[in-house]
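Enquirer: Numbering (the numbering used here), first residue to last: 2 to 172.
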Amino acid sequence: MKIILIGYMASGKTTIGRLISESLELPFYDLDTIIEQELKATINEIFEQKGELFFRKKEREVLESFFKKTDNYVLALGGGTPCYYDNFDLYQKEVVKSFYLKASVTTLSERLKFQKNTRPILVNLNDEALNEFVAKHLFERNFFYNQVQTVISVDDKNETEIVSEILSKLA
């Protein structure tokens, strides 16, 4: 079984992905982590030192390579992955079960407030600017995010409820 989770940063892709992989006894992968291991740098360092264009090209390359050599998995994509190059078409060809972990601007902003120091792109944003930043990104990415097979609303749900909902859709 091949499962892909997409969603904006702080939507819970990695946390939920790990829990699903445990439940289904499938290996879990995080695309950002694979890229970091390959380049021996954090995503933030890659963006700062090489720029977004370099990162997006590398992301596409790593994703294609992953699909060629990996059979059964739970994979958390980066928040922007579905929006660049033909990444969406690439994972649609894989006959995967795809889920969008959909969170509201309010939910995402609340979560991201506490992660600003680990996300340089957000570090200088006050709460109002953070809300606007998230809303703008969601507006731009919604088309791609909503192309998945199943949309899972994560607002006001705990991890167990989200995992149970995803598992029920797989049954």
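Using N, Cα and C, we set each Cβ at its ideal position, and we do this for glycine too.
Bear in mind the structure is a predicted one, so any value in this text is a computation, not a measurement.
Classify I36: buried if its beta carbon has 16 or more other beta carbons within 10 angstroms, exposed otherwise.
Expert: One-based indexing of the sequence shown puts residue 36 at position 35. With 16 or more other Cβ atoms within 10 Å, it is buried.
Enquirer: Going by DSSP, what residue range makes up the beta strand (DSSP E) through L76?
Expert: Taking the sequence shown and counting its residues from 1, one reaches residue 76 at position 75. Counting along the chain, the beta strand (DSSP E) containing L76 begins and ends at 74-77.
Enquirer: Who pairs with Y30 in a beta bridge, going by DSSP?
Expert: Position 29 of the sequence shown, counted from the first residue, corresponds to residue 30. According to DSSP, which records beta bridges pairwise, Y30 is partnered with L76.
Enquirer: I think L32 touches G79, with their Cβ atoms under 8 Å apart; what is that distance to the nearest whole Å?
Expert: Translated into the one-based positions of the sequence shown, residue 32 becomes position 31. Translated into the one-based positions of the sequence shown, residue 79 becomes position 78. That pair is a contact at about 5 Å.
Enquirer: Please classify S22: is it buried, with 16 or more other beta-carbons within 10 angstroms of its beta-carbon, or exposed?
Expert: The count along the sequence shown starts at 1 and reaches residue 22 at position 21. Answer is buried; the Cβ neighbour count reaches 16.
Enquirer: Return the first residue and the last residue of the alpha helix (DSSP H) that T15 is part of.
Expert: Counted from its first residue, the sequence shown places residue 15 at position 14. First-last of the alpha helix (DSSP H) with T15: 14-25.
Enquirer: Per the contact definition of three or more C-beta pairs closer than 8 Å, is the segment 129-145 in contact with the segment 3-16?
Expert: The answer is yes - the segment 129-145 touches the segment 3-16, with three or more Cβ pairs under 8 Å.
Enquirer: Taking its Cβ as the centre, do 16 or more other Cβ atoms sit within 10 Å of I177, making it buried, or is it exposed?
Expert: Past the boundaries of the shown model lies residue 177; the chain is included only from 2 to 172, so the question cannot be answered.
Enquirer: Do L54 and V164 come within 7 Å of each other at the CB atom, strictly closer than that value?
Expert: Translated into the one-based positions of the sequence shown, residue 164 becomes position 163. Translated into the one-based positions of the sequence shown, residue 54 becomes position 53. No; because the gap between Cβ atoms is not below 7 Å, this pair is not in contact.
Enquirer: On the criterion of 16 or more Cβ atoms from any shown chain inside 10 Å, does K69 qualify as buried, or is it exposed?
Expert: Here residue 69 refers to the residue found at position 68 when the sequence shown is read from its first residue. K69 should be labelled exposed.
Enquirer: By how many angstroms is the C-alpha of A104 removed from the C-alpha of C84?
Expert: Walking along the sequence shown from the start, residue 84 turns up at place 83. Walking along the sequence shown from the start, residue 104 turns up at place 103. Between C84 and A104, the C-alpha separation is close to 17 Å.
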